[in-house]
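Q: Pasting a structure below so you can have a look.
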Amino acid sequence: MRVPEPRGPLSEAVGAALRTGDPLPTHVAAPSAVLDDEDAQLALWMLFELHFRGFEDAVGDREWDPDLLRLRGGLEAGMEQELRAATRAVVEAAPDSGDLAEDLFALVAADDGPSVASYLQRHATREQVLEFLRQRSLYALKESDAHSFVLGRLDGPVKAALAEIQYDEYGGGHPERLHSTLYAAALDAAGLDSTYGAYLPEVRVETLAANTVQAVFGMRRRLRGAAMGFLAAFETTSSLPCRKIATGIERVGLPAATAEYFSEHVEADAVHEQVAVRDVCAGLVAREPQLREDVLFGVATSLHLDAVTGARMLERWDAASVQAGTTSLVRVPVGVPDASVGRAS
1152 MRVPEPRGPL SEAVGAALRT GDPLPTHVAA PSAVLDDEDA QLALWMLFEL
1202 HFRGFEDAVG DREWDPDLLR LRGGLEAGME QELRAATRAV VEAAPDSGDL
1252 AEDLFALVAA DDGPSVASYL QRHATREQVL EFLRQRSLYA LKESDAHSFV
1302 LGRLDGPVKA ALAEIQYDEY GGGHPERLHS TLYAAALDAA GLDSTYGAYL
1352 PEVRVETLAA NTVQAVFGMR RRLRGAAMGF LAAFETTSSL PCRKIATGIE
1402 RVGLPAATAE YFSEHVEADA VHEQVAVRDV CAGLVAREPQ LREDVLFGVA
1452 TSLHLDAVTG ARMLERWDAA SVQAGTTSLV RVPVGVPDAS VGRAS
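Counting from 1152, one number per residue, gives the positions in the sequence shown under our numbering.
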């Protein structure tokens, strides 16, 4: 993957520093609001990507560059502050029965955010399903990697439980069953581009934020509780939606290979949700009770960002928006597959 095109002065400055190897200009700093600023979110995504796959055209080893880390720290701090403010009421009102696992399940069950999965199952056009697949690729082509950073910060049964989840995510020892590989195959079958980062230029700011937050939580030991809460909410809200998405994919005539990724998650995530909630989150708080609020914060953040993303996506897919030419993507990509591409024979 190459350094992406900027979306504003901040991501332009970061991209230029990476491409040239020059120091980041001293005047470059995080803005006052980060969460809904696509320029700031892209810059943060780029800075985190140095710790994942990196960029082919980046000059030198910039992973631990002090100036880039300073900027990243400012962006992270702003994002965390905004998310804590956005979820404070939910965290404070969370049930406290003495059984954290049941409290977390109740918190997730009480969420009434919009369901993109239900829309995809029953109403989405073929083009909208393809848009969804492209947006999701930003996460699914490196699925769960951010959570792996937390393994070294855990111990005992909690570490073993997280490792169990990650082992499944990484194919159970079979490279061809890596969930990221399954998603790449799903994109290929749909006639889309399975190259890592191919659709980064098209994703909306809320999709960027839903991805960067996982690294914000996963790469700071202080936020290990939030990282595990986010993971638990993600797994708990995955199994049934994945079944609906697979049904929608089949309904619009895309190949079975495209639906396979989601079908795989129906059963896997039904198991993962129990492990993530009971063994990881409840186990972690039993060992470190002071992390309870951060676990709740992670759960609430996942639900909040999912609701924001879902509401905006569905709004862009309503009849009036579609008639006006609006899509869920930043721009309509060149070379979108036509109705014949990827159809089952």
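Beta carbons are placed, not taken as given, at the ideal position from N, Cα and C, and that holds for glycine.
This one's a predicted model, so the numbers in the text were calculated from it and none came from an experiment.
Could you tell me the distance, in whole angstroms, from the CA atom of Ala1383 to the CA atom of Ala1427?
A: Their backbone Cα atoms lie some 5 Å apart in a straight line.
Q: Using the rule of at least 16 other Cβ atoms within 10 Å of the residue's Cβ for burial, across every protein chain shown, is Gln1365 buried or exposed?
A: Buried.
Q: Checking 9 Å against the spacing of the C-beta atoms, do Met1230 and Val1179 come in under that value?
A: Cβ distance not < 9 Å, so Met1230 and Val1179 don't count as in contact.
Q: Counting beta carbon pairs with one atom in the stretch 1421-1436 and one in the stretch 1287-1297, are three or more of them shorter than 8 Å?
A: The answer is no - the stretch 1421-1436 does not touch the stretch 1287-1297, with fewer than three Cβ pairs under 8 Å.
Q: Does DSSP classify Phe1203 as helix, strand or coil?
A: Residue state, collapsed to three classes: coil.
Q: At what residues does the alpha helix (DSSP H) containing Cys1432 begin and finish?
A: Taken as a continuous stretch (DSSP letters only), Cys1432 belongs to no alpha helix (DSSP H), as it is neither H nor E.
Q: Rounded to a whole number of angstroms, what is the C-alpha to C-alpha distance between Ala1252 and Cys1432?
A: If you take the alpha carbons of Ala1252 and Cys1432, they lie about 7 Å apart.
Q: If you draw a straight line from the alpha carbon of Leu1195 to that of Val1450, how long is it in whole angstroms?
A: C-alpha separation (whole angstroms): 22 Å.
Q: Put Leu1405 into one of helix, strand or coil per three-state DSSP.
A: Looking at Leu1405 - three-state DSSP - the assignment turns out to be coil, as it is neither helix nor strand.
Q: Report the option in Glu1320, Tyr1321, Glu1189, Asp1216 whose CA atom is closest to the CA atom of Ala1168.
A: For Ala1168, the nearest C-alpha among the options comes from Asp1216.
Q: Could you give the C-beta distance for Val1108 and Asp1187, rounded to a whole number, given that I count them as a contact under 8 Å?
A: Outside the displayed range of the chain (1152 to 1496) lies residue 1108, so it cannot be described from this structure.
Q: Compare the beta carbon distance of Ala1337 and Phe1413 with 9 Å and say whether it is the shorter of the two.
A: Taking 9 Å as the Cβ cut-off, Ala1337 and Phe1413 qualify as a contacting pair.
Q: Can you tell me the Cα-Cα spacing of Asp1319 and Arg1235, whole angstroms?
A: Rounded to the nearest angstrom, the two C-alpha atoms are 31 Å apart.
Q: Take Leu1405 as the anchor and find which of Leu1313, Arg1213, Gly1205, Leu1281 has the nearest alpha-carbon.
A: Measuring from the Cα of Leu1405, the nearest candidate turns out to be Leu1281.
Q: Mind checking which residues open and close the alpha helix (DSSP H) that includes Arg1375?
A: Element bounds for Arg1375: 1375-1387.
Q: Go ahead and label Val1210 buried or exposed: buried means 16 or more other beta carbons lie within 10 angstroms of its beta carbon, across all protein chains shown.
A: By the 10 Å Cβ count, Val1210 comes out exposed.
Q: On the premise that Pro1265 lies in contact with Ala1458, defined as a C-beta separation below 8 Å, what is that separation, rounded to the nearest angstrom?
A: Correct: roughly 7 Å between the Cβ atoms.
Q: Jot down the residue ranges of each uninterrupted alpha helix (DSSP H) in the stretch 1411-1471, minimum 4 residues, whole runs only, in chain order.
A: You should have 1434-1438, 1443-1467.
Q: With a threshold of 16 other CB atoms inside 10 Å of the CB of Gln1272, please say whether the residue is buried or exposed.
A: Counting Cβ neighbours within 10 Å, Gln1272 comes out buried, since at least 16 surround it.
Q: What's the C-alpha gap between Asp1190 and Glu1233?
A: Each residue's Cα considered, the two are about 16 Å apart.
Q: Out of curiosity, what's the CA-to-CA distance linking Pro1174 and Glu1207?
A: When rounded, the distance between both Cα atoms is 18 Å.
Q: What number of angstroms, rounded off, separates the C-alpha of Tyr1350 from the C-alpha of Gly1249?
A: Cα-Cα distance, rounded: 44 Å.
Q: Out of Leu1313, Thr1276, Glu1200, state which residue places its alpha-carbon closest to the alpha-carbon of Val1403.
A: Among Leu1313, Thr1276, Glu1200, the Cα nearest to that of Val1403 belongs to Thr1276.
Q: Is Ala1261 buried or exposed, if buried means 16 or more other CB atoms sit within 10 Å of its CB?
A: That one is exposed.
Q: Roughly how many angstroms lie between the CA atoms of Pro1512 and Val1241, to the nearest whole one?
A: The first residue shown for the chain is 1152 and the last is 1496, placing residue 1512 beyond what the model contains.
Q: Hey, quick one: how far does the alpha helix (DSSP H) through Ala1245 stretch, first residue to last?
A: Note, Ala1245: premise wrong, no alpha helix (DSSP H); not H, not E.
Q: Rounded to the nearest angstrom, how far is the Cβ of Val1417 from that of Arg1394, given a contact under 8 Å?
A: At roughly 5 Å, the Cβ-Cβ gap stays under 8 Å, so Val1417 and Arg1394 are in contact.
Q: Touch check for the stretch 1218-1227 and the stretch 1195-1204: three-plus C-beta pairs under 8 Å?
A: Yes: at least three Cβ pairs fall under 8 Å.
Q: Consult DSSP for Phe1256 and reduce its assignment to one of helix, strand or coil.
A: Note: Phe1256 maps to helix in three-state DSSP.
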